[in-house]
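Residue numbers (the numbering used here), protein chains in the order written: chain V, 1 to 566; chain B, 1001 to 1367; chain R, 2001 to 2366. Don't be surprised by glycine CBs; every beta carbon is placed ideally from N, CA and C. Since we're looking at a predicted model, the values are computed, not measured. So the structure is just underneath, and the comments pick up after that.
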Amino acid sequence: MSATAASAERWSAQRLVGYGVAAIAAVLVLYPVFYLLQAAFDVGDPQTRPPTAYGLDNFQVLLNYPRIMLNTLVVSFAATAMALVIGFVMAWILARTNVPGRRAFEQLMAVPYYLTPLLGALAWSMLGSPESGFVNQVWRALGGSDHLIDINTPYGIAWVMALFEGSVAFVMIAAVMKSMDPSLEEASQVIGASRLRTMLRVTLPLVVPGVLGAAIFVFAEMLGSFAVALVLGTPNRYYVITTAIYQLIQQYPPRIQLAAAMGTSLFAVMFLMLFVYRRIVTRGSYVTITGKAFRPRVADVGRLRYVLFGVCMLYLMVAVVLPIATLLYASVQKIAVAFPAADNFTLDNFRAAASMNAVGSALTNSLLLAFATATIGIVLMGLLAWLIYRSRLPGAGLIEYVVMFPQAVPRLVFAFGMMWAWLVFPIPIYGTIWLLLIAYLTVFLPLGVRTIAGVMLQIDKSLEECAQMCGAAWTFRLRTITVPLLAPGLIAAWLLLFIASMRELGASILLMGPHSKVITPSIVESWFGTASELTATLALIQTGVVAAAMIVLVAVTRRLGAQLVE
Amino acid sequence: MPTTAATPHIEVERLEVHFGAVPAVRGVSFSVMPGEQLTLLGPSGCGKTTTLRAIAGLEHGSAGEIRIDGKPVYSARKGVNIPAEKRGLSMVFQSYAIWPHMSVFDNVAYGLRVRRAGAAEIREKVERALGMVQMGAFADRRASALSGGQQQRVALARAFVFQPSVLLFDEPLSNLDAKLRADMRIELRDLQHRLGITSVYVTHDLEEALAMSDRIVVMRDGLVEQTGTPDEIYALPRSAFVADFIGSSNLIRGRNRPDLAADGLIALETPSGQVIYGSAYGRPVGDELTVSVRTVHLRLSPQRPAGERNVWPARLEKTVFQGDFTQVHVRWGDQPLIARCAALDPLPAGQEVFITVDPKRVVLLGA
Amino acid sequence: MVHNQHGRITRRALLKAGAALPLVGVAAPNVLSQPLSKSPTTVLDFKTNADVAKAEQEGELVFYCHENEAGTAGIMQGFSKDFPKIKTSYVRAQTGALYSKILAERQAGRFDVDVIQLSDIAPAFDFQKKGGYERYESPESGAYKQDYLSSPNGYFFWTGVDPAGIAYNSEKVAAADAPKGWQDILNPKWKGRISCKISASGLQFVQWYMLRKLYGEGFWKDFAKLQPHAFDSRVQLFDRLAKGDDAITAIGEYPAYILFKGRNAKVEFVAPPDGLVATPLVVGAVNKAPHAEAAKLFVDWAMSKRGQAWYQTNPNLYYASVRTDAPPMPTGVSLTRFKLLYPSDWDEYARESAAFLKEWNGMLGL
């Protein structure tokens, strides 16, 4: 009995599924990385595969481009600093003061994330180009000379990056602020310290470790940023590593080995940063984000509320309303200027966009892909989250590293590895939409697993253990206890994956094929190849479609969620 | 009271549980007779919950063996580890683990549904179980809308509705307020008797353990300190730890004075020269001895009481009013002693008093 | 190829090229006298050797093209209108990127492409040498001079020519200050206000090669000092020109000029007296194509009057046709009006590719 019982346990459904899912994740993630590394160390003839010689020469060539590394660092630092300032200020206002409309603003803070950074870059390009930018045209009309802002500079790039990729800083800092014990501040004020003094002497130091963690995380993200640098930097030959890689691959002949070396070095730096970040966050002596509810004391700031309200509105204006308005303004003109003549207005751009069947098929592909990615994603990532954080299967910790790996690799670099990896794969999925599906599932692993795990960890283990003690086998438990309890989290993860999929650029741009065009890279192609007014129109259409899809989905899931609770 | 049945229902033999490098349970052995309630008692971190969870199958043992009805459910040597859902046990959790997305009825019915019971059978058993915990009226309520005490009763009903042979309790009352806890203690005990289910109960609360258990296993640092009935543990602690954990105790060290021993009693001389008579209770008598005197067994009087043995003068240092009793701190030679007396008239500090204790209440510590 | 003692193709030389002359360096039989495999059928108003029924059964055409999105879509639209049963799909990228893509795919054993159009003849030669093209002699070949066909015929043909001069923004640059000839673009006053194309552009390669030949190696070194902005497509260049982001562009393609002028953009075109640089736009059916008959049908269509008319009049294309009987361009101007500069020795030109890439990429920071 003992032998069979033991072996029955060894091959239980749990283990099979657990290891199966782990194997899938490992293949998805490590297979492309292998190819990336292989290309980086390949010093033989680029045309010959498999590589004939390995060495470090490519990295030596890398040293000839110090400016690119420097640019990357400058832009990333600047963007991180700006994102932290914005994030901190907004987090403090929304989490700690009684500014009116707090709940609404908190929801709205996520909107810049939904608008892709590409859209932001396009819009700000139209606003801030030294010659043709609307802001500068207005400036000159008001009597200014030359230009007020030049968005095609490193700080311009950093500004747009901070606006559109920095909202994660807000989320992290707000979470830190919300999990602070308010009695610490109360102690300070009881002694008689002013609000400002309290904020500087008590709040700030308590929050600093969490902010530091956020800083490192955001910096790692900025290192891998692509869309903004592409639109705003490339015209002035201002390259960062990601756009340099893209250019190197697009050249003829493509300089794959150098691109791979660049990608690998970027990957190494990001990996290091994220490693440091995790050490800080899991050290435990810092304020951690738990399910324990501290209700942070919301300060009454009196008249200041309205000023702060204005600040929030200003941020939303700049981050959301202005870009969309700009694109709208441009899309209805023949040649977009700040002060158009009456005959400059036209709906031709929309007509042209509607008739381009590339657009239609790209949108359809994107929607289908997003749907598939989200649906398959929550199953795969749900099982992975369970495997890593709940099962006791040996090796689960290792899988966590594998799953979080893609976070350390910029999407473009990852796709580059995938391009090679899946090109030589015997099953012909290269150039098809299946490749994009695989790519999305891979690069979204950290996002999905983290989101689902967050919810999963809030579910007390004892709820599942109790089901065990009542005699329920693993699949029964999953069905009757785990999944229903996870449902709200799974739905949230689904929506997140859907949006992420629709706005994806870095991986898609390299892996698109003739039958598998998707919308965001198509907008980039349009920017390269058509008039900017048409590009603006496409960007607006994409935003509109995503927004419409989101509204529908949220309505549906709300109804589904209500049903589940019944 | 359990009968002296031959085969224990549950046997734990030299169980060890390690979490990575940390040993939570370092070699624990005990057995539970059918129908008995055995309590694992100890301070937090002593390994009692881990031991319980190992019996349940929620923790994986590292060494040793656990047998239920003579069959190993875990054995390191034989490579057996039956998963929790197949051991046929049942458990009440500290946090109640009530499933918020189901009604009270569905919560309780879960174990029966797992066992594929028919609808009629389920209805009958669930209603009976809910009735036994006085929650019959709440069957259709949303489980998350209950108070703590109510959730706990539902958890209880859920645990025994499918008639398991063993019930495991992981500090089920510690989340309730004191008054409710006291009442629930009695209810639980009655229920356990009525159902006759073998129970293993974990708590850090001494009163609970003493009130509810047939036998108690006192644990510390992953090891068993002493096993016995509540009476035994209370009256005859084996170690200083047990003596002071179970109720409050004065520990007196001294040299053995075999020359003064008489009437089957042992005699100790303290470093300050006091002689105290005590009982060995079969424990080995060495040269250096430690005895335990419960604070409630020390009697105080302003005049010298009658009797020869174990009467000493002492100086009163302070009294602390504690409601049902007063704690009196005296100085006896060099050593401070504590006595707990039923409410006394206040005595001034510094007064000389006499303390006395029955030698049978002076217990020699030792294996 | 025809060349006179200056190594340039002049109008006279073109007109004289009616008779087939032996190609320099490559001896080939007179292609037109080769027996055709079967007699051509007539579909719509052109001749084809493709099995039209089979092509429609194949139902698809995969087109790789160097043109921008609108242009490529435009080409496909033309073909689809005439053959609605054949579903078209395309991939577009600048010639350099496009060529490396198809090579990489073929090396990995993927043969998913039916027809490829390139804006540079050097990769076309290379592809021909590698056996990438499918040898298919279109019955429409008769309407083309030998110079505009591959040698031997059947690999690729010139579906049009893309001439480029200089263009400037008439609001930012007064007519008096505008450049008149190629050398005027080197004036330091254009620093930071001048644009060009990226190294993957075939036309840019031709311009580099020809102006270097004309004006010496220093030409482009001086150009680099102006820190030009480089872009992917002509539409982008004119977009910026029209909005004033750049004052002039060093490589203003005539088709784009027509397009933007039609939108009332404030742009003007300058045809330097030394000539317009031009690159052939070459189309060929690809070997091991998944839809072989559709590929052949497309080649015939593209070569035909019908197809050429489409190429010439579609606003996203405005190619200049080299078909012997082609009508003038929509602006009324015919190709023959321009003096065109392009390499006489394509092999030498192809050999210079590495030098061009190094210098051009270096100028652009990569």
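Which residues mark the beginning and the end of the alpha helix (DSSP H) in which Lys2197(R) is found?
First-last for Lys2197(R): 2194 to 2197, but that is the beta strand (DSSP E), not the alpha helix (DSSP H).
Taking 8 Å as the limit between beta carbons, can you name the residues of its chain near Pro2029(R), skipping five residues before and five after?
Bear in mind that the predicted position of Pro2029(R) carries a pLDDT of just 39, short of 50, making it unreliable; the figure below should be weighed with that in mind. By the criterion of a C-beta distance shorter than 8 Å, Pro2029(R) is surrounded in its chain by Pro2152, once the five residues flanking it on both sides are discounted.
Leaving aside the five residues before and after Trp420(V) along the sequence, list all residues of the same chain whose C-beta is less than 7 Å from its C-beta, in chain order.
Tyr35, Ala39
Look at the Cβ atom of Ile452(V), then the Cβ atom of Met381(V), and state whether they are nearer than 8 Å.
It is a contact, given that the beta carbons lie within the stated cut-off.
Using a Cβ cut-off of 7 Å, pull out every chain D residue sitting near Arg2351(R), in sequence order please.
In summary, chain D is missing from the structure at hand, where the protein chains are V, B and R.
Members of the region 1076 to 1105 of chain B that neighbour chain V once the beta carbon cut-off is set at 7 Å
Contact residues of the region 1076 to 1105 of chain B toward chain V are Lys1078, Gly1079, Val1080, Asn1081, Ile1082, Pro1083, Ala1084, Glu1085, Leu1089, Ser1090, Met1091, Phe1093, Ser1095, Ala1097, Trp1099, His1101 (C-beta to C-beta distance below 7 Å).
Mind checking Val2161(R): buried by the 16 CB within 10 Å criterion, or exposed?
buried
Quick check on Pro406(V) - is its C-beta less than 8 Å from some C-beta in chain B?
no
May I have the straight-line CA-CA distance separating Ser1165(B) from Ala1021(B), to the nearest angstrom?
Cα to Cα, the separation comes out at about 34 Å.
Pairs of beta-carbons, one from the region 522 to 540 of chain V and one from the region 113 to 131 of chain V, closer than 8 Å: are there three or more?
yes
Sort Thr1198(B), Leu1251(B), Thr1039(B) by Cα distance to Ile1216(B) and report the nearest one.
Thr1039(B)
Within its chain, find whatever has a CB closer than 8 Å to the CB of Gly2262(R); leave out the 5 residues flanking it on each side and keep chain order.
Pro2315
Excluding sequence positions up to five away, which residues of its chain have a Cβ less than 8 Å from the Cβ of Tyr2209(R)?
Pro2343, Tyr2349, Glu2352, Phe2356
Residues bridged to Pro2163(R) by DSSP?
Ala2278(R)
Between Ala175(V), Leu200(V), Val75(V), Val337(V), which lies nearest to Lys2266(R) when the distance is taken from Cα to Cα?
It is Val337(V) whose Cα lies nearest to the Cα of Lys2266(R).
Whole-angstrom Cβ separation of Pro378(V) and Ala493(V), contact assumed at under 8 Å?
Looking at the sequence itself, residue 378(V) is Ile, so the reference to Pro does not match. The Cβ separation is near 5 Å, so the contact holds.
If the cut is a Cβ gap below 9 Å, which residues of chain V does Lys2081(R) touch?
Think of a sphere of 9 Å around the beta carbon of Lys2081(R): no beta carbon from chain V falls inside it, the nearest being about 13 Å out.
Roughly how many whole angstroms lie between the Cα atoms of Gly1196(B) and Arg1361(B)?
35 Å
Could you pull out every residue in the same chain whose Cβ sits closer than 6 Å to the Cβ of Phe59(V), ignoring the five residues on either side in sequence?
Ala261
Identify which residue in Ser361(V), Pro100(V), Phe226(V) has its Cα closest to the Cα of Tyr306(V).
Pro100(V)
For Val1114(B), would you say it is in contact with chain V, using Cβ-to-Cβ distances shorter than 8 Å as the test?
For Val1114(B), the closest Cβ of chain V is nearer than 8 Å.
My output table needs one value for Pro154(V): the three-state DSSP class, helix, strand or coil.
helix
Spatial distance of Ser355(V) from Ala2070(R) (CA atoms):
11 Å
For a cutoff of 8 Å on Cβ pairs, would you count Asn2287(R) as touching chain V?
no
Going by DSSP, what residue range makes up the beta strand (DSSP E) through His1193(B)?
Counting along the chain, His1193(B) falls outside any beta strand (DSSP E), though it belongs to the alpha helix (DSSP H) covering 1178 to 1195.
Report the residues of the region 1116 to 1142 of chain B with a CB closer than 8 Å to any CB of chain V, ordered along the chain.
Listed in chain order, the positions of the region 1116 to 1142 of chain B with a beta carbon within less than 8 Å of a beta carbon of chain V would be empty, since no residue qualifies.
Tyr54(V) bridges to which residues according to DSSP?
Asp42(V)
Since Ser462(V) meets chain B, which of its residues come closer than 7 Å, beta carbon to beta carbon?
Phe1093, Ser1095, Ala1097
Determine which residues share a DSSP beta bridge with Leu1015(B) and list them.
Val1028(B)
Are the CB atoms of Arg1299(B) and Ile1355(B) within a distance shorter than 8 Å?
yes
Applying a beta-carbon distance threshold of less than 7 Å, which residues of chain V neighbour Gln2057(R)?
Chain V residues near Gln2057(R): none, gap ~19 Å exceeds 7 Å.
Assuming Ser1090(B) is part of the beta strand (DSSP E), what are its boundary residues?
1090 to 1092
Which residues in chain V have a C-beta closer than 7 Å to the C-beta of Gly1111(B)? List them in chain order.
Cys470, Gly471
Do Ala2285(R) and Val2091(R) have their beta-carbon atoms positioned less than 8 Å apart in this structure?
It is not a contact, given that the beta carbons lie outside the stated cut-off.
Proximity below 8 Å, CB of Tyr2168(R) to CB of Glu2253(R)
no
Shorter than 8 Å from the beta carbon of Ile551(V) to some beta carbon of chain R?
Ile551(V) does not count as touching chain R.
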